[in-house]
Each structure stands twice: as structure tokens, then as C-alpha cells.
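> Here it is, the structure in full.
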RNA sequence: GGCGACGUGGCGGAGUGGCUACGCAGCGGCCUGCAAAGCCGUCUACACCGGUUCGAUUCCGGUCGUCGCCUCCA
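In the working numbering, the protein residues as written are 4 to 455.
So this is what it looks like as C-alpha cells:
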């Protein structure tokens, strides 16, 4: 079991992963708000934290990964209203599509995927505790968190209250704020006339604010002071800062021991996202390039760095994936040669060093080169299978499908033509085979048929 | 204005105080009827200006540029 070194946003340093309970790691990663189908950017944290969990499991930890689904939110009300639908119905549909879209990545599911709408009871208790302790107050049906009551507020995002642009825009005399302080944020929002999803609470009908749900859901599954809290870097402030503040105020302890944040996917070039609805949706990218290429694309850069989205980047990922698939065809099932043990170790060392997937991939490439050069025998594939498994790319080693009889028949006829040195006929048959979606390759003593 | 991150070869993208990252593309070669796939070789960079150092792409300072957050966006 390697000791993983992970970058922690709170301290700004690489920190050794020292689990609260030795041998067990709890991870909570913020999932999407389901008001539309998710885009490729939403897929990054899903992939990063799913694979991090796989890696830690590989190292022998017992991992519990929790990824929430925010299904109560202003954007959901807005989107539903625009479509003339009930917000609950839209949220349900988008939740199902989110599950389907991420299923298609082929990485399995997190251990728990709580819904905000199914956590209302614990959220209300949480808010009540904050009120009782003097950290929150009611105001005309809303409940706000008293930011200045948390003396550590700002430590995660490295901000000082004095320096904060209060973010409220110009005060509107017609709608005076109900907050005591512009810094305060909503724990509960009183029901508005055009909102069709709400719950009863001691302070009136309404629904939870954004941040409180995560504190409540994380605590339900992982308790206070769990190991890793993750999400996109755009969530550091205010979302995670607020979660941390709530938990300190209500529980007297830190929510998480270590905070990890992934960089943003940048939409540049021709796919420039002018408005929010115009970005590359995950299901479209998956349909065009396949799950392996999408996963490869997402791990081709370090998780903390920004990653540019482009057609060229996805195509390169496809090329990388097909190189690995080709290499797999030249291996045999079984133990890999012992002289490659060092490379196998370096692969996992790279992942243990702040989950450096690009470096791990470099080592994997070196493994392939060493395994498939020189030697005339076909080396065992156990190392590659193990490495790809942790990256969620084990399907690259799957058996290639058997070509249908009619294609095999064409291939046999081509063999005969070649034997008779009738190359014009052979080339025609190759074109015919290609038309049927298969590629024929001449190999020692025969041919090989591969799906194109 | 505040906080934070980043500028690496044609492209993508790691990393390090001195030793080939890696992949894609290109080029040369091997193999092949021709291909495809593969293998071998090759192109070898660290924005700019100072400083520290025997030595800096790597540390420090500055300049220029890019990006994220500071409005419930992963």
C-alpha cells in the first residue's frame, strides 16, 4: 500500500493521505445540478474521482465514494418554467439522463449518489442546529448563515473578508436585502409564488440553499472529518468555503481533512461556448469518439491543470487509445515478464504522486515499447491489464469480435487471389471487406479481421 | 481592485538544480505484392530581463501575456 501524496487546497501543499480510519478512505465529490444534460466539463470530476477511488482501492484501501446530485435549485425552476413543465419532473428526467450519460463512460457508479430532494429532513435538522447555536437567523421565511460568526471563514479559498467584493451588485432600494450582512448566504429559501417544489420547515415553506445540502449529505454517508472532499476548482468559493463554515459552526469540527479541486475544461476555438447551452454535451462526445477516448482525453492532462476541449484533442486521444489496443493484440494472457516490474511500479508511483495521470501514461507507453519490441515471443499482459484497469480502460484488452461469415468468406477469397498473385482482385476484395466495416491485415501465415 | 494558477519542441503534455519524459504529427529505415499495423532511428524545447549558484527550464525578483474565482458554473 503506497502512501498517496495529494494536493490540498486548504494548505496549498501536497499532503500525505492519512485516513481518519486507517485503511479506509471516504471521498465526497460534488456532482452536477440536473437542469440539463451534463457536458464534458461535468464529466471531469466524475472521472477524476472515480479513478482516484479505483487507484486507492488498488493500493488496498477500502474506499467509499459519494457523489451527490443537486436536484433542487433555481436553475431547475428556471429551466422547467421555460419548458412549461413541473420542476420535479424535469429534475427526475435529467437525473436519469445524468446516470445514463455517466454510465456510458464505463467506470461504474460511485458507492452512494444522494439526492438533495431525498435529504430534506437532515438538512432541516442541520439548519435548526445552526439557528440554535446562533450561527444562523430567520428573515421573512429565509434562513441565512451568519458568516462573521465563523472566525475561520475564508481559510479554504484564502480570502479575507475585508477584501471581498461583496458580490451583491448595487443595492436595490425596492428590494432591500433580508440579510444582516451582505456576506451571509442562504441556508433556506422561502417559497416564491412560481416555485412548484417545496417542503415544510419550522420557519416556513421553501427549499434548501445550495451549500447546506452537501454538508448534510456528506455527513450522512461519511460523517464529519472525512478524508477527501473534491470538486471543480470553480467550487472552492463560495460553495466549499460555505460548506466548511456550516460544518464548523454546527459540529465544531472540520468537514474534510483534505480538499482536492480539478481544473476547468476550456472551450476555445471553433466550439467556443457563447452561452451556457452551447457547450459540448457528454453524450454527444461519447457518441462520436467512444468512452475510451473520452476517458483518455480527460486523463491526458494533470487533473489540476486546465484542459482545452477541441476536436483535435479528442482525435489524439483516439490515436492514443488505439495504440494501446494494438499493443494488447500482440500480448498473450498471463504473467508479464519480471524485468518489467519496475515500470509497473513506476506507473503506480506516478499515481501516488498527486494522481499524475500524464506521467503514468508515459510509463505505460514505455512498458508497451519494452514489452513489444525485440522479443519474438508474445509477453504476458498482466501488468497492462492491471494498469488499464485502474484507468478504467480495461476494455481496450477485450477480445476482438469475430467477423461474420460473409466477411470471413471474402477474406478467404482474397487469400486465394493473393496466392494466385492476382493482386487486382485481392485489392478489390479488400475494398469490399472495408465497405462491410472490417479491416483486413496480412499477418504471418494468414490474415486478421478487425472491426473498423 | 482582491485571491489563486499558468506560460515547455509543429501540436498535446509531464518533470527536474547538472543525466532521453511521453504521445501525436513530420522525416528516414525495416517489414509488405501494395497496404494497414508494428518495430528501429530522427527532429530536442523550456515567454522575456535580471539575481542566487560551479551549473537554472527547474530557486528568487521584475516585465509581458493567458486563465480561474470574487454573481447558487464541475
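All residues carry an ideal CB built from backbone N, CA and C; glycine is no exception.
Remember, predicted model here, so these are calculated numbers, not experimental data.
1) If residue 335 and residue 392 are in contact, beta carbons under 8 Å, what's the gap, nearest whole angstrom?
2) Locate the alpha helix (DSSP H) running through residue 235, then write down its first and last residues.
3) Short of 7 Å in beta carbon distance, which residues of its chain neighbour residue 338, apart from the five on each side in sequence? Order them along the chain.
4) What is the residue span of the alpha helix (DSSP H) that residue 45 lies within?
5) Run through the DSSP bridge pairs and tell me what residue 263 is partnered with.
6) What would DSSP say about residue 243, mapped onto helix, strand or coil?
7) For residue 219, I'd like the list of residues in its chain whose CB is within less than 7 Å of its CB, leaving aside the five on either flank, ordered along the chain.
8) Within 10 angstroms of its Cβ, does residue 390 collect 16 or more other Cβ (buried), or is it exposed?
9) Do you know whose CA, among 444, 332, 248 and 197, lies nearest residue 421's CA?
10) From the DSSP output, in three-state form, read off residue 2 for me.
11) Can you give the Cα-Cα distance for residue 155 and residue 295, rounded to whole angstroms?
12) Rounded to whole angstroms, how far is the Cβ of residue 40 from the Cβ of residue 110, which I believe are closer than 8 Å?
13) Tell me whether the beta-carbon of residue 222 lies closer than 9 Å to the beta-carbon of residue 200.
14) Could you tell me which whole beta strand (DSSP E) segments of length 3 or greater appear in the region 308-333?
15) What first and last residue would you give for the beta strand (DSSP E) that runs through residue 138?
16) Taking DSSP's pairing of strands, which residues face residue 64 in a bridge?
17) Any contact between the region 178-192 and the region 204-215? By contact I mean 3 or more CB pairs, one from each, below 8 Å.
18) What are the boundary residues of the beta strand (DSSP E) that includes residue 443?
19) Buried or exposed for residue 22, going by 16 or more other Cβ atoms inside 10 Å?
20) Please list the terminal residues of the continuous alpha helix (DSSP H) segment that includes residue 29.
21) Would you mind giving the Cβ-Cβ distance between residue 71 and residue 217, rounded to the nearest angstrom? I have them listed as a contact below 8 Å.
22) Quick check on residue 370: does DSSP put it in helix, strand or coil?
23) What whole-angstrom Cβ distance do residue 320 and residue 299 have, given they're in contact under 8 Å?
24) Residues in its own chain within less than 7 Å of residue 158 by CB, not counting five upstream and five downstream?
25) Between 232, 133, 117 and 231, which has its C-alpha nearest residue 252's C-alpha?
26) Between residue 267 and residue 235, how many whole angstroms is the CB-CB distance? I'm expecting something under 8 Å.
27) Write down the C-beta distance between residue 303 and residue 361 rounded to the nearest angstrom, noting that I regard them as a contact closer than 8 Å.
28) Indicate, with yes or no, if the ligand SAH has a heavy atom lying under 8 Å from the CB of residue 132.
29) When the distance is taken between beta carbons, is residue 55 closer than 9 Å to residue 233?
30) Does residue 284 pass the burial test, meaning 16 or more other C-beta atoms within 10 Å, or should it be called exposed?
31) Tell me where the beta strand (DSSP E) around residue 268 begins and ends.
32) Who pairs with residue 36 in a beta bridge, going by DSSP?
33) For residue 17, write down the residues that DSSP places opposite it in a beta bridge.
34) Within 10 angstroms of the Cβ of residue 403, are there 16 or more other Cβ atoms? Answer buried if so, exposed if not.
35) Taking just the CA atoms, how far does residue 418 sit from residue 406?
36) Identify which residue in 82, 354, 259 and 34 has its Cα closest to the Cα of residue 102.
By the coordinates alone:
1) Counted from its first residue, the first chain places residue 335 at position 332. Counted from its first residue, the first chain places residue 392 at position 389. In fact, because the Cβ distance is near 18 Å, the residues do not count as touching under 8 Å.
2) For the purposes of this step, residue 235 is taken as the residue at position 232 of the first chain. Here residue 235 belongs to no alpha helix (DSSP H); instead the beta strand (DSSP E) covers 229-235.
3) Sequence index remark: in the first chain, residue 338 carries index 335 (1-based). Excluding positions up to five away in sequence, the list reads 383 and 385.
4) What you label residue 45 is simply residue 42 of the first chain in a count that begins at 1. Residues 43-61.
5) The residue given as residue 263 occupies position 260 in the first chain. Note: residue 263 sits in a beta bridge opposite 233.
6) Stepping through the first chain from its first residue, residue 243 is reached at position 240. The answer is helix: DSSP assigns residue 243 an H, G or I state.
7) Indexing the first chain from 1 puts residue 219 at position 216. Contacts found: 122, 125, 126 and 129.
8) Walking along the first chain from the start, residue 390 turns up at place 387. Under this definition residue 390 is a buried residue.
9) Along the first chain, read from residue 1 onward, the residue named residue 421 stands at position 418. For the residues 444, 332, 248 and 197, the minimum Cα distance to residue 421 belongs to 444.
10) For the chain, the structure presents residues 4 to 455; residue 2 sits outside this window and is missing.
11) Here residue 155 refers to the residue found at position 152 when the first chain is read from its first residue. Here residue 295 refers to the residue found at position 292 when the first chain is read from its first residue. Cα-Cα distance, rounded: 43 Å.
12) The residue labelled residue 40 in the question sits at position 37 within the first chain. The residue labelled residue 110 in the question sits at position 107 within the first chain. Not a contact, Cβ separation roughly 18 Å.
13) Working through the first chain from its first residue, we reach residue 222 at position 219. Working through the first chain from its first residue, we reach residue 200 at position 197. Not closer than 9 Å, so no.
14) 310-312
15) Working through the first chain from its first residue, we reach residue 138 at position 135. No beta strand (DSSP E) holds residue 138; DSSP gives it neither H nor E.
16) For this step, residue 64 is matched to residue 61 along the first chain. According to DSSP, which records beta bridges pairwise, residue 64 is partnered with nothing at all.
17) yes
18) Numbered from 1 along the first chain, position 440 holds the residue referred to as residue 443. 441-446 is the extent of the beta strand (DSSP E) around residue 443.
19) Taking the first chain and counting its residues from 1, the one referred to as residue 22 is at position 19. It is buried - the Cβ of residue 22 has at least 16 other Cβ atoms within 10 Å.
20) On the first chain, residue 29 is found 26 positions in, with the first residue counted as 1. No alpha helix (DSSP H) contains residue 29, which is instead part of the beta strand (DSSP E) from 27-32.
21) The residue given as residue 71 occupies position 68 in the first chain. The residue given as residue 217 occupies position 214 in the first chain. So it is a contact: roughly 6 Å between Cβ atoms.
22) As a working mapping, residue 370 is identified with position 367 in the first chain. In this structure, residue 370 counts as helix in the three-state DSSP scheme.
23) Translated into positions along the first chain, residue 320 becomes position 317. Translated into positions along the first chain, residue 299 becomes position 296. Correct: roughly 4 Å between the Cβ atoms.
24) For the purposes of this step, residue 158 is identified with residue 155 of the first chain, where counting begins at 1. Excluding residues within five positions, the ones whose Cβ falls inside 7 Å are 13.
25) As a working mapping, residue 252 is identified with position 249 in the first chain. When each option's Cα is compared against that of residue 252, the closest is 133.
26) For the purposes of this step, residue 267 is identified with residue 264 of the first chain, where counting begins at 1. For the purposes of this step, residue 235 is identified with residue 232 of the first chain, where counting begins at 1. Their Cβ separation, rounded to whole angstroms, is 7 Å, which keeps residue 267 and residue 235 in contact under 8 Å.
27) Along the first chain, one-based indexing puts residue 303 at 300. Along the first chain, one-based indexing puts residue 361 at 358. With 8 Å as the limit, residue 303 and residue 361 qualify as a contact, their Cβ atoms being about 6 Å apart.
28) Among the components of this structure there are no ligands whatsoever, and the ligand SAH is therefore not found.
29) Within the first chain, the letter at position 230 stands for residue 233. Within the first chain, the letter at position 52 stands for residue 55. Closer than 9 Å, so yes.
30) Numbered from its first residue, the first chain carries residue 284 at position 281. So residue 284 counts as buried.
31) The residue you call residue 268 lines up with position 265 of the first chain. It spans 268-270 - the beta strand (DSSP E) in which residue 268 sits, taken as one unbroken run.
32) For the purposes of this step, residue 36 is taken as residue 33 along the first chain, with counting starting at 1. Partner(s): 73.
33) Counted from its first residue, the first chain places residue 17 at position 14. Its beta-bridge partners are 10.
34) As a working note, residue 403 is residue 400 in the first chain. Answer is exposed; the Cβ neighbour count stays below 16.
35) Along the first chain, one-based indexing puts residue 406 at 403. Along the first chain, one-based indexing puts residue 418 at 415. Cα to Cα, the separation comes out at about 16 Å.
36) Position 99 of the first chain, counted from the start, is the residue given in the question as residue 102. Taking only the C-alpha atoms, the option nearest residue 102 is 34.
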